[in-house]
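Structure, rendered in C-alpha cells:
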C-alpha cells in the first residue's frame, strides 16, 4: 500500500509540474504574441502625420483639409461633421455634449486612450479609417469614418496619420 501511495504522489507531482510548465509556456507565447501584435498595430511606415488645416462649410457642402509640409489630403464631409470637427479644433463645448464628446468622455471613464487614427485607403470614392485605442496592454482597432475619427482625434490630441499614397504634393 505504501508503494502505491508514493507512486500516486509521484504521478500527481509530475502532473502538477507538467501543468505548471504548460501554463508558463502558454503565458510566454501569449506575451510574445501580444508584443508582436503591438508592434504591428503601432506601425506608421508609409503614413504621414497630418493636422487639420481647414474645415470649410458652405450651405450643404463641407470639406476638411489635412496638411503636413507639402503633403495634403482634402475630402468632402457633411456640414454636421464639419461643425463637430471645428468645435473640437477650437475646444468649443456646446450646452449639451455632442456624440463625439460623449464618446471621448466614455473612453476617459473606462481609462481607454486613443493612440492614433489612420486614414488607410480610398475605395469607390469612400475613404476608410481606423482608430486605435489602448487600455493597459490591450489594443483595439476600430473601423470608422475618417470624419468621426478626426472629430475624436482633435478632442483628444491624438495623432492623425494618412496613407502616403492618398496625399497630394502641393509644393
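Residue numbers (our numbering): 2 to 172. Glycine residues also receive a C-beta, built at the ideal position from the N, C-alpha and C atoms. From a predicted model like this one, the values you see are computed outputs, not experimental measurements.
**OP:** Report the rounded CA-to-CA distance for residue 47 versus residue 140, giving the unit in angstroms.
**Re:** Translated into positions along the chain shown, residue 47 becomes position 46. Translated into positions along the chain shown, residue 140 becomes position 139. In a straight line, the C-alpha of residue 47 is about 21 Å away from that of residue 140.
**OP:** Evaluate the contact criterion for the segment 141-149 versus the segment 116-132: three or more CB pairs, one atom per stretch, below 8 Å.
**Re:** yes
Subject >> Residue range of the alpha helix (DSSP H) that includes residue 97 >> reply: Position 96 of the chain shown, counting from 1, holds the residue named residue 97. Per DSSP, residue 97 belongs to no alpha helix (DSSP H) and is neither H nor E.
Subject >> Straight-line gap, residue 63 to residue 89 (C-alpha atoms, nearest Å) >> reply: Start at 1 with the first residue of the chain shown, and residue 63 comes out as number 62. Start at 1 with the first residue of the chain shown, and residue 89 comes out as number 88. Looking at the two C-alpha atoms, the distance is approximately 16 Å.
**OP:** Taking the CB atoms as reference points, tell me whether residue 105 and residue 157 lie closer together than 7 Å.
**Re:** Indexing the chain shown from 1 puts residue 105 at position 104. Indexing the chain shown from 1 puts residue 157 at position 156. In this structure, residue 157 lies closer than 7 Å to residue 105 by Cβ.
Original post:
How should residue 79 be labelled, buried or exposed, when 16 other C-beta atoms within 10 angstroms of its C-beta is the threshold for buried?
Top reply: Here residue 79 corresponds to residue number 78 of the chain shown, with the count starting at 1. Exposed, because fewer than 16 other Cβ atoms sit within 10 Å of the Cβ of residue 79.
Original post:
Are residue 72 and residue 168 touching if we call contact CB-CB under 7 Å?
Top reply: For the purposes of this step, residue 72 is taken as the residue at position 71 of the chain shown. For the purposes of this step, residue 168 is taken as the residue at position 167 of the chain shown. A contact, by the Cβ cut-off of 7 Å.
**OP:** Along the beta strand (DSSP E) that carries residue 124, what are the first and last residues, could you check?
**Re:** As a working mapping, residue 124 is identified with position 123 in the chain shown. That run of the beta strand (DSSP E) goes 114-124.
**OP:** Enumerate in chain order the residues of its own chain whose CB-to-CB distance from residue 114 is below 6 Å, with the five nearest sequence positions on each side excluded.
**Re:** Taking the chain shown and counting its residues from 1, one reaches residue 114 at position 113. Only 135 meet the Cβ criterion.
Subject >> Identity of the residues DSSP links to residue 127 by a beta bridge >> reply: Residue numbering aside, residue 127 sits at position 126 when the chain shown is read from its first letter. For residue 127, which the question treats as bridged, DSSP gives the partners 124.
Original post:
What do you get for residue 37, buried or exposed, if any count of 16 or more other CB atoms within 10 angstroms of its CB means buried?
Top reply: As a position in the chain shown, residue 37 is number 36, starting the count at 1. Only weak support exists for where residue 37 lies, its pLDDT of 49 falling under 50; the coordinates are left without a value.
Original post:
Grouping DSSP H, G and I as helix and E and B as strand, with all else coil, what is residue 46?
Top reply: The residue you call residue 46 lines up with position 45 of the chain shown. In the structure shown, residue 46 sits in coil (DSSP, three-state: anything other than H, G, I, E or B).
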